[in-house]
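Sequence positions in the sequence shown follow numbering that gives the first Met the number 0 and run 0 to 393.
Every residue gets a Cβ at the ideal spot worked out from N, C-alpha and C, and that includes glycine.
For clarity, every value in this text was computed on a predicted model and none was experimentally measured.
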Amino acid sequence: MKITDIKTYLPWGGTRPETLVKVETDEGVFGWGGSGMSTRELAVEGVINHYRRFLIGKDPMNAGALWQEMYRSQYFEGGRVLTAAISAIDIALYDIKGKVLGVPVYELLGGKHRDIVKGFVTSYVSYGPDLIDDVRSLIGQGWPAIRFGIPDPADGISEVFEPRESIAYVSEWIIKVREAVGSGPVLGIDYHHRLSVAEAASFCQKMPSATLDFIEEPIRDETPDAYATLRSMTDVPFAIGEEMSSKWQMLPYIERGLTNFARIDICNIGGFTEAMKVAGWCEAHYIDLMPHNPVGPLCTAASVHLLAAVPNSSWLEVRTPPSRSIPGIQDHSDSTPERRVIFPKQIELEGTYYTVPSDPGLGIEIDESALVGQEYRYWEAPRLYREDGSYTNR
Ligand SMILES: [Mg+2]
């Protein structure tokens with residue numbers, strides 16, 4: 000079997016562009032993959048086109064060897080754009096292999112550990128009394144873990160963000176939520192790497208111990224030593240990893256105890272080939288995977304197969320589920336009418352979980368005719384600035 004073509008599509012994903020890749024073969028079997036690097040998808044598409052030139056004619060069954068060639072062949076190894084492209088192709092190769100062998104992808108990864116993959120949900124209600132009601136409602140719906148976020152600019156473009164103001168009111172309301180719901184529910188927060196070490200430490204220290212079960216990305220991840228410093232200043236478990244693009248980037252966070260949940264994104268880390276290696280490394284350090292899943296049904300499906308195949312799974316990120324209609328919050332779930340045009344067959348969210356599928360490959364279908372000719376819609380992520388005009392992390 001040989002690869003005959005690799006096609007890239009950049010459809011609008013509801014809130015941002017999505018990168019979908021189709022790998023075709025001379026036996027008529029094809030596979031779909033996806034990249035998670037939103038907002039720089041044109042660069043990812045460019046890398047995929049580079050890879051296309053030398054992958055045509057190669058055997059698609061050799062995903063591991065092709066991963067090595069894609070990662071190392073340009074001499075300047077690695078980087079987030081490259082592995083975002085590798086991820087999409089690697090996932091498509093596993094979709095092909097599953098279809099060829101007539102088995103779901105997780106069968107290629109060691110088989111099934113679980114029948115369902117549980118999700119975690121994010122409350123998008125503003126910090127205030129309504130947040131308590133929303134968290135109570137989510138607990139009532141059966142969500143096993145609930146995450147708070149930090150609001151994006153209301154106009155979707157730019158806004159002033161002052162960390163000290165944020166950590167004051169966010170910590171105050173999270174304390175109230177915990178008091179209201181008791182010690183049982185799992186509560187976490189994603190600070191979207193908007194804080195410094197000092198600010199993140201102050202935030203954690205403002206709350207009684209055990210108020211939060213995890214804090215996701217309090218600071219940026221380029222410097223593991225900064226996380227080591229923060230680790231020494233708080234006892235809140237860390238959930239790190241959504242931006243990481245290889246086992247080598249994950250390595251210090253796993254081996255030095257700098258994360259307690261691995262927030263890997265299978266569409267960025269390097270596909271199934273790399274995600275399974277990271278999962279094994281995490282297993283050795285008693286760290287559960289809590290995958291990042293912000294883009295669409297393809298990433299959802301790949302993540303479900305990954306979590307089906309590993310012993311160390313906590314919860315999969317679920318975008319706003321269809322059962323939640325919150326004024327002012329856009330439905331960016333997988334099940335909007337626009338999404339179903341492109342993805343007529345998905346791994347469906349059933350309340351708070353996904354049932355592990357039994358169809359060959361990823362077990363999803365993409366209508367290519369809905370992608371052909373779709374105009375690319377340029378999008379930039381919103382910007383945040385400090386009061387003094389300086390740029391700060393979104
Ligand atoms: Mg995050």
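### Task
Determine the closest residue to residue 371 out of 363, 350, 392 and 340, with distance taken between C-alpha atoms.
The count along the sequence shown starts at 1 and reaches residue 371 at position 372. For residue 371, the nearest C-alpha among the options comes from 340.
### Query
What do you get for residue 52, buried or exposed, if any count of 16 or more other CB atoms within 10 angstroms of its CB means buried?
As a working mapping, residue 52 is identified with position 53 in the sequence shown. Under this definition residue 52 is an exposed residue.
### Message
Helix, strand or coil, according to DSSP, for residue 33 in the structure here?
### Response
Residue numbering aside, residue 33 sits at position 34 when the sequence shown is read from its first letter. In the structure shown, residue 33 sits in a strand (DSSP, three-state: E or B).
### Query
CA-CA distance, residue 261 and residue 369?
Here residue 261 refers to the residue found at position 262 of the sequence shown. Here residue 369 refers to the residue found at position 370 of the sequence shown. Residue 261 and residue 369 have their C-alpha atoms spaced approximately 34 Å apart.
### Task
Give me the Cα-Cα distance between residue 142 and residue 177, rounded to the nearest whole angstrom.
Here residue 142 is taken as the residue at index 143 of the sequence shown, counted from 1. Here residue 177 is taken as the residue at index 178 of the sequence shown, counted from 1. Cα-Cα distance, rounded: 16 Å.
### Same chain, Cβ closer than 6 Å to residue 94, five either side skipped, listed in chain order
Counting from one through the sequence shown, the residue named residue 94 turns up at place 95. Non-local beta-carbon contacts of residue 94 in its own chain, meaning distances under 6 Å to residues more than five positions away in sequence, involve 30, 31, 360 and 361 in chain order.
### Query
Can we count residue 191 as close to ligand 1, meaning its CB is less than 7 Å from some heavy atom?
As a first step, residue 191 must be located in the sequence shown, where it is residue number 192. Correct: residue 191 has its Cβ closer than 7 Å to ligand 1.
### Query
Rounded to a whole number of angstroms, what is the C-alpha to C-alpha distance between residue 211 and residue 322?
Taking the first residue of the sequence shown as position 1, residue 211 is located at position 212. Taking the first residue of the sequence shown as position 1, residue 322 is located at position 323. Their backbone Cα atoms lie some 25 Å apart in a straight line.
### Task
With DSSP as the reference, please indicate the residues paired to residue 283 in a beta bridge.
Here residue 283 is taken as the residue at index 284 of the sequence shown, counted from 1. Beta-bridge pairing links residue 283 to no other residue.
### Task
State whether the stretch 126-145 contacts the stretch 95-115, with contact taken as three or more CB pairs (one from each stretch) at a distance under 8 Å.
Judged by Cβ distances under 8 Å, the stretch 126-145 makes no contact with the stretch 95-115, as fewer than three pairs qualify.
### Assumed close pair residue 47, residue 7 - CB separation to whole angstroms, cut-off 8 Å
Taking the sequence shown and counting its residues from 1, the one referred to as residue 47 is at position 48. Taking the sequence shown and counting its residues from 1, the one referred to as residue 7 is at position 8. Between residue 7 and residue 47 the Cβ distance is about 5 Å, and since that is below 8 Å, they are a contact.
### Query
Under three-state DSSP, which class holds residue 103?
Taking the sequence shown and counting its residues from 1, the one referred to as residue 103 is at position 104. Reduced to three states, the DSSP call for residue 103 is strand.
### Message
Can you tell me whether residue 331 sits near ligand 1, meaning its C-beta is under 7 Å from at least one heavy atom of the ligand?
### Response
Within the sequence shown, the letter at position 332 stands for residue 331. Not so, every heavy atom of ligand 1 lies at least 7 Å from the Cβ.
### Query
ligand 1 heavy atoms versus the CB of residue 291: any closer than 7 Å?
Walking along the sequence shown from the start, residue 291 turns up at place 292. Flag set: Cβ of residue 291 near ligand 1.
### Message
Is residue 402 near ligand 1 - that is, is its Cβ less than 7 Å away from at least one heavy atom of it?
### Response
Within the shown structure, residues of the chain are numbered from 0 to 393, placing residue 402 beyond reach of any answer.
### Query
Can you list, in chain order, the residues of its chain whose CB lies under 6 Å from that of residue 185, leaving out five sequence neighbours each side?
Within the sequence shown, residue 185 is the residue found at index 186, counting from 1. Result list for residue 185: 144 and 212, in chain order.
### Query
Should residue 367 be counted as a contact of ligand 1 given a C-beta to heavy atom distance under 7 Å?
The sequence position of residue 367 within the sequence shown is 368, counting from 1. Between ligand 1 and the CB of residue 367, the shortest heavy atom gap is not smaller than 7 Å.
### Task
Starting from residue 139, trace the alpha helix (DSSP H) both ways and give me its first and last residue.
What you label residue 139 is simply residue 140 of the sequence shown in a count that begins at 1. Taken as a continuous stretch (DSSP letters only), the alpha helix (DSSP H) holding residue 139 covers 128-140.
### Query
Would you call the stretch 226-235 and the stretch 66-77 touching, i.e. three or more CB-CB distances under 8 Å?
no
#### Entry: For residue 168, the three-state DSSP class (helix, strand or coil)
Here residue 168 refers to the residue found at position 169 of the sequence shown. DSSP places residue 168 in helix when its eight states are reduced to three.
### Task
With a threshold of 7 Å, establish whether the CB of residue 241 neighbours any heavy atom of ligand 1.
Walking along the sequence shown from the start, residue 241 turns up at place 242. The answer is yes for residue 241.
### Task
Specify, as a first and last residue, the run of the beta strand (DSSP E) that residue 144 falls within.
As a first step, residue 144 is located in the sequence shown; it is residue number 145 there, counting from the start. 144-147 is the span of the beta strand (DSSP E), which, as asked, contains residue 144.
### Task
State the DSSP-derived secondary structure class of residue 201, mapped to helix, strand or coil.
On the sequence shown, position 202 is the one that residue 201 refers to. Residue 201 falls in the helix class under three-state DSSP.
#### Entry: Beta-carbon proximity check, residue 2 vs residue 28, cutoff 8 Å
For the purposes of this step, residue 2 is taken as residue 3 along the sequence shown, with counting starting at 1. For the purposes of this step, residue 28 is taken as residue 29 along the sequence shown, with counting starting at 1. Note that the C-beta distance between residue 2 and residue 28 is not below 8 Å.
### Query
Under the rule that 16 or more other beta-carbon atoms within 10 Å means buried, what is residue 132, buried or exposed?
One-based indexing of the sequence shown puts residue 132 at position 133. Exposed, because fewer than 16 other Cβ atoms sit within 10 Å of the Cβ of residue 132.
### Query
Ordered along the chain, which non-local residues of its own chain (more than five positions away) have a Cβ less than 8 Å from that of residue 101?
As a working mapping, residue 101 is identified with position 102 in the sequence shown. Excluding sequence positions up to five before and after residue 101, its CB lies within less than 8 Å of the CB of 359, all in the same chain and listed in chain order.
### Query
Any idea what DSSP makes of residue 11, helix, strand or coil?
Reading the sequence shown from its first residue, position 12 is the one you call residue 11. Strand at residue 11.
### Same chain, Cβ closer than 7 Å to residue 107, neighbours up to 5 away in sequence not counted
On the sequence shown, residue 107 is found 108 positions in, with the first residue counted as 1. Excluding sequence positions up to five before and after residue 107, its CB lies within less than 7 Å of the CB of 93, 96 and 97, all in the same chain and listed in chain order.
### Query
How big is the Cα-Cα spacing for residue 130 and residue 148?
Here residue 130 is taken as the residue at index 131 of the sequence shown, counted from 1. Here residue 148 is taken as the residue at index 149 of the sequence shown, counted from 1. Straight-line Cα distance between these residues: approximately 11 Å.
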